[in-house]
Amino acid sequence: MKMADAEPVLLNEVIVEILSWLPVKLLVQFSCVCKYWKSLLSDPHFIKLHLQKSSKYANLILTLTTPSARNRCVTSCSIGSFRQNPYIASEHGHLLLNCKYKVLGSCNGLVCLIGSTHEDKIGQHWVRFWNPAIRLKSRKSPFLQVDLRVNELGSTKFGFGYDKSSDTYKVVAVLCNRNAMEYSERTQVKVYTMGDNCWRDIQSFPAFPIIFRNGGRFMNGTLNWLAIRNYASGCDWDTVTIDQLVIVSLDLANETYTQLSLPVDLDEIPYVAPAIGVFGDCLCLFHDYQRTNFVVWQMKEFGVENSWTRFVNISYQHLRVGGRIKFFSLVPLCISENGDVLMMLNHNFELIIYYRADNRVERAKYHNRVWIDTKEHVQSLIMPY
Numbered sequence: 003m004k005m006a007d008a009e010p011v012l013l014n015e016v017i018v019e020i021l022s023w024l025p026v027k028l029l030v031q032f033s034c035v036c037k038y039w040k041s042l043l044s045d046p047h048f049i050k051l052h053l054q055k056s057s058k059y060a061n062l063i064l065t066l067t068t069p070s071a072r073n074r075c076v077t078s079c080s081i082g083s084f085r086q087n088p089y090i091a092s093e094h095g096h097l098l099l100n101c102k103y104k105v106l107g108s109c110n111g112l113v114c115l116i117g118s119t120h121e122d123k124i125g126q127h128w129v130r131f132w133n134p135a136i137r138l139k140s141r142k143s144p145f146l147q148v149d150l151r152v153n154e155l156g157s158t159k160f161g162f163g164y165d166k167s168s169d170t171y172k173v174v175a176v177l178c179n180r181n182a183m184e185y186s187e188r189t190q191v192k193v194y195t196m197g198d199n200c201w202r203d204i205q206s207f208p209a210f211p212i213i214f215r216n217g218g219r220f221m222n223g224t225l226n227w228l229a230i231r232n233y234a235s236g237c238d239w240d241t242v243t244i245d246q247l248v249i250v251s252l253d254l255a256n257e258t259y260t261q262l263s264l265p266v267d268l269d270e271i272p273y274v275a276p277a278i279g280v281f282g283d284c285l286c287l288f289h290d291y292q293r294t295n296f297v298v299w300q301m302k303e304f305g306v307e308n309s310w311t312r313f314v315n316i317s318y319q320h321l322r323v324g325g326r327i328k329f330f331s332l333v334p335l336c337i338s339e340n341g342d343v344l345m346m347l348n349h350n351f352e353l354i355i356y357y358r359a360d361n362r363v364e365r366a367k368y369h370n371r372v373w374i375d376t377k378e379h380v381q382s383l384i385m386p387y
């Protein structure tokens, strides 16, 4: 047979490269084409190659609830789609969560769900890992038991992230003891690694984490909490000084702590407890300023304290946010890909869209559902167990 008569054949390397750019939904459908393609989707090298490509196109995982809070709807959409049509989140929900579950975080396509119950002064927490793209969930983790006479259920704070050095996913629980008089007993830290059969202890927290809106935020292989150092037993927010505020960063590889300073221009304690988050691949700090403005800082280079940059400084009057500032909070939901648009949620569950370029504000509100939280999310083929 002449070469001209032969059918063209794609090399396996070319096929792999093409497939690595496709969305997970299509890849799952293609697994029925042949045994080779089916085996490819479970190949660790291909899974990581696909993740490298899909991580460039982050979506949002949004958690919504009904006013009765009896169930939660989890949905996924692109940041651009959400900005153009905020109501899309209520139109395409694809999972109803039992009210015992909350979305802790998302990392490399895996969503970590936290479940909690309490009875007879004993609280129990457990986690499940879920990959919504391939529609698989893990079994429940072992229970983490909490003595509610010592640790309040709500004062156990979690974080979820990826340890690249060991290629493992970890959940960290910080148990805050509000009754202990000795500093070393104020916090207990436990770690659960996906696939393990127990929670294990690591070194205790070097400061007291701020409870309000302050789960561990994953960034560059670390989990980060806003915390108060030199915390005195029984003190409240009114007695905390600005030099006591610090970001505690836990390295998931060696499980050691580093403390990061806040922006030097933040020279007074905010009236409402601040919070941190991760947006646009930057660690961010959100805080009130003198009950008149909402301020967002970005750490442009993670771990470099002089890289803090003021991202937004906007008045509540311009945002048309009223009420008693002490009892409300603005919760940032996401920042657009180009950094021009900041989307926030206010105390009335209204969506506030702020356009930095022209200082414009838009608002939207659901009547049948309200947002609870958003997490950046990418599609992947990673198995949740």
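Everything in the sequence shown is counted per my numbering, starting at 3 for the first residue and increasing by one.
Glycine included, every Cβ here is placed at the ideal spot set by N, Cα and C.
- Cβ-Cβ distances below 8 angstroms link ILE124 to GLN147, VAL148, ASP149, LEU150 in the same chain, with the five nearest sequence neighbours on each side left out; the list follows chain order.
- Proximity of the segment 192-203 to the segment 214-232 falls short of the contact definition, fewer than three beta-carbon pairs being nearer than 8 angstroms.
- Annotated three-state conformation of LEU332 is coil, per DSSP.
- Residue pairing of LEU225 in beta bridges, as defined by DSSP: PHE220, LEU252.
- MET196 has no beta-bridge partner at all, per DSSP.
- ASP203 has LYS192 as its beta-bridge partners, per DSSP.
- Annotation for SER167: ALA255 place their beta carbon closer than 6 angstroms to its own, counting only its chain and skipping 5 residues before and after.
- According to the DSSP secondary-structure assignment, SER78 is paired through a beta bridge with ILE63.
- Nearest to ASP253 by alpha-carbon distance, out of PHE162, LEU53, THR65, is PHE162.
- Boundaries around SER108 are those of the beta strand (DSSP E), 103-109, since no alpha helix (DSSP H) includes it.
- Cβ-Cβ separation between VAL333 and VAL314: approximately 14 angstroms, too far for a contact (criterion under 8 angstroms).
- Taking the Cα of LYS172 as reference, the smallest distance to any Cα among LEU228, VAL113, ASN87, THR189 is reached at VAL113.
- The C-alpha of GLU339 is placed about 35 angstroms away from the C-alpha of VAL35.
- Checking the DSSP bridge columns, you'll see ASP165 partnered with THR170.
- Take ALA175, set aside five residues on each side of it, and the residues of its chain with a beta-carbon closer than 8 angstroms to its own are HIS127, LEU146, THR158, LYS159, PHE160, VAL191, LYS192, VAL193, TYR194, TRP201, in chain order.
- Around the CB of SER56, 16 or more other CB atoms lie within 10 Å, so the residue is classed as buried.
- The beta carbon of VAL323 is closer than 6 angstroms to those of ASN348 in its chain, skipping five residues each way along the sequence.
- Within the same chain, TYR357, ARG358, ALA359 come within 7 angstroms of ASP342 by CB-CB distance, once the 5 residues on both sides are set aside.
- Using a Cβ distance threshold of 8 angstroms, PHE207 and VAL266 do not count as a contacting pair.
- Judged by DSSP in its simplified three-state form, GLU19 adopts helix.
- Assigned with DSSP and collapsed to three states, ASP360 falls in coil, not helix or strand.
- In the three-state reduction of the DSSP assignment, GLN292 falls in the coil class.
- Around the Cβ of LEU177, a 10 Å sphere holds 16 or more other Cβ atoms; the residue is buried.
- Under the three-state reduction of DSSP output, GLU303 falls in the coil class, being neither helix nor strand.
- In the DSSP assignment, TRP39 falls within the alpha helix (DSSP H) that extends over 37-42.
- Taking VAL274 as the centre and dropping the five residues before and after it, the same chain places the C-beta of ASP290 closer than 6 angstroms to its C-beta, in chain order.
- ALA209 and LYS27 have their alpha carbons spaced roughly 44 angstroms apart.
- DSSP places GLN246 outside any beta strand (DSSP E), giving it a letter other than H or E.
- With 16 or more neighbouring CB atoms inside 10 Å of its own CB, GLN300 falls in the buried class.
- In this structure LEU29 is in contact with LEU43, their Cβ atoms being roughly 6 angstroms apart against a cut-off of 8 angstroms.
- Here HIS320 carries a helix assignment [DSSP, helix/strand/coil].
- Counting along the chain, no alpha helix (DSSP H) covers VAL266, and no H or E run does either.
- Counting only residues of its own chain and dropping the five nearest sequence neighbours on each side, SER382 has a CB closer than 8 angstroms to the CB of VAL26, ILE49, HIS52, LEU53, SER56, ASN110, GLY111, LEU112, ASN133, ALA135.
- When secondary structure is reduced to three states using DSSP, ILE49 falls in the helix class.
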